Each structure stands twice: as C-alpha cells, then as structure tokens.
Amino acid sequence: MSDTRTVVLVEGVSDRSAIEALAERRGRNLAAEDISLVAMGGATNIGTYLRRFGPAGRDLRLAGLCDVGEEGHFRRGLERAGLGFDLGRSDLEALGFFVCVADLEDELIRALGTATVERVVEAQGELGSFRTLQKQPAWRGGTTHAQLRRFMGSGGGRKIRYAAPLVAALDLDRVPRPLDMLLTHLSGSHTR
Numbered sequence: 001m002s003d004t005r006t007v008v009l010v011e012g013v014s015d016r017s018a019i020e021a022l023a024e025r026r027g028r029n030l031a032a033e034d035i036s037l038v039a040m041g042g043a044t045n046i047g048t049y050l051r052r053f054g055p056a057g058r059d060l061r062l063a064g065l066c067d068v069g070e071e072g073h074f075r076r077g078l079e080r081a082g083l084g085f086d087l088g089r090s091d092l093e094a095l096g097f098f099v100c101v102a103d104l105e106d107e108l109i110r111a112l113g114t115a116t117v118e119r120v121v122e123a124q125g126e127l128g129s130f131r132t133l134q135k136q137p138a139w140r141g142g143t144t145h146a147q148l149r150r151f152m153g154s155g156g157g158r159k160i161r162y163a164a165p166l167v168a169a170l171d172l173d174r175v176p177r178p179l180d181m182l183l184t185h186l187s188g189s190h191t192r
C-alpha cells in the first residue's frame with residue numbers, strides 16, 4: 001500500500017471481489033492506478049479505516065461502497081472524519097461513496113435476472129442446494145429473486161465465491177449503478 005493514492009473502503013471480501021472482477025472486465029488494473037481495495041470486515045469499522053487513511057491519517061483519496069442498511073455508518077464516519085456535515089446520498093456520491101439498494105447481491109441479481117443467476121449457480125455446481133432452499137417452508141412462496149438473495153447469503157463464503165462469477169455474467173451495458181459509478185469515479189484517481 002506504500003504507493004497507494006486512493007483507498008476504496010468496502011464492507012467485505014465479496015464487495016472487493018466484485019469490484020476487482022468488474023475492473024478487470026473493463027481492462028483496468030487498479031493496483032497499477034495506485035488504487036487499493038480494503039475489505040473492512042463490516043461497515044461499523046469505517047471509523048477506524050477513515051482515521052487510518054483519511055485526513056487525520058495518510059490523507060489519501062477515499063471512495064467506498066456499502067449496502068443501504070449500512071449507509072448511516074458510512075455517513076456518520078465520513079462526518080466524524082471531517083469530510084462533510086449533514087451528508088445526503090448525493091453528498092456521499094460526490095465524495096466517492098456509493099450505496100447499493102439492499103446489498104450488492106441484490107444489485108447483481110436485478111442486473112442479471114434470475115434465470116441468468118440460476119445458470120451461474122448451476123455452473124458452480126450448486127443448483128441442487130438452491131432447489132433445496134426453494135423447497136423449505138420459509139422460502140417456498142417467495143420470489144426467485146428473494147430466494148437467490150437468501151441463497152447467496154447462506155453457506156460459508158457463498159457471497160465471496162459468487163461475486164466474480166456474477167460479475168463475469170454481466171452485460172457490461174447493465175452494470176449495477178453503484179458499481180458503475182464507483183469505477184467511473186475511480187477513473188480520475190491517478191490524477192490527484
């Protein structure tokens with residue numbers, strides 16, 4: 001990280017994997033652009049990372065991605081770090097922090113459509129496990145979208161395992177808005 005000029009703060013490893021996969025698909029080498037992706041181990045850790053990399057620490061250019069349920073943690077952390085006051089969604093975006101509707105898996109499932117996601121699950125050899133989840137009483141009447149979100153969130157490391165394959169299946173004209181906006185924002189990172 002010694003050559004890093006920009007740090008992208010994300011909640012977890014699956015977010016980092018998805019961003020890396022999308023950058024690669026777009027022909028970008030984030031490390032060569034002096035951009036480091038940091039999985040914080042949860043949104044509640046943002047204050048620690050902002051102190052380390054923000055104005056009071058290494059004073060690097062910052063960006064990030066979070067789930068809508070964690071937006072408040074990001075907002076408060078950025079405000080405490082002196083990066084704004086009474087920040088709204090557009091203020092967060094101006095700072096380079098983008099919010100996923102529900103979560104990243106939800107964004108990817110909507111962008112891909114459930115049929116494509118099921119094909120990805122099948123290619124990963126887990127379609128039988130997904131069908132078992134669909135038969136469970138709690139999920140039997142749910143939408144395929146909701147079932148897929150639950151499936152991605154269950155099982156050890158499933159979100160991490162599926163991040164790159166889901167991004168690989170994306171039509172590059174249908175990239176979820178938060179991911180697209182984050183990579184667009186990072187395009188200017190090396191010019192600081």
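62 is the number that my numbering gives to position 62 of the sequence shown; each next residue is one higher, with no gaps. Ideal Cβ positions, reconstructed from N, Cα and C, are used throughout, including at glycine. Just so it is clear, the structure is predicted and the values come from calculations on it, not from any experiment.
Discussion item. Tell me the DSSP secondary structure of V10 in three-state form.
Written reply: strand
Discussion item. For R192, which residues in the same chain have their Cβ closer than 6 angstroms to its Cβ, ignoring the five residues on either side in sequence?
Written reply: Residue confidence for R192 is low, a pLDDT of 41 falling below 50, so the modelled location carries little weight and cannot support an answer.
Worksheet entry | A63 vs L182 beta-carbon contact at 9 angstroms | yes
Worksheet entry | Environment of K159 [buried if 16+ CB atoms lie within 10 Å] | buried
Worksheet item: Are T44 and H73 touching if we call contact CB-CB under 9 angstroms?
Response: yes
Discussion item. Spatial neighbours of E20 within its chain, please: C-beta separation below 6 angstroms, excluding the five flanking residues on both sides.
Written reply: none
Item to complete: Within its chain, find whatever has a CB closer than 7 angstroms to the CB of E70; leave out the 5 residues flanking it on each side and keep chain order.
Response: E11 and A43
Discussion item. Please classify Q147 as buried or exposed, where buried requires at least 16 other C-beta atoms within 10 Å of its C-beta.
Written reply: buried
Practice prompt. Could you tell me which residues DSSP puts in a beta bridge with L61?
Written response: With the sequence shown as reference, residue 61 is identified as Arg, and Leu is not the correct amino acid for it. According to DSSP, which records beta bridges pairwise, R61 is partnered with T6.
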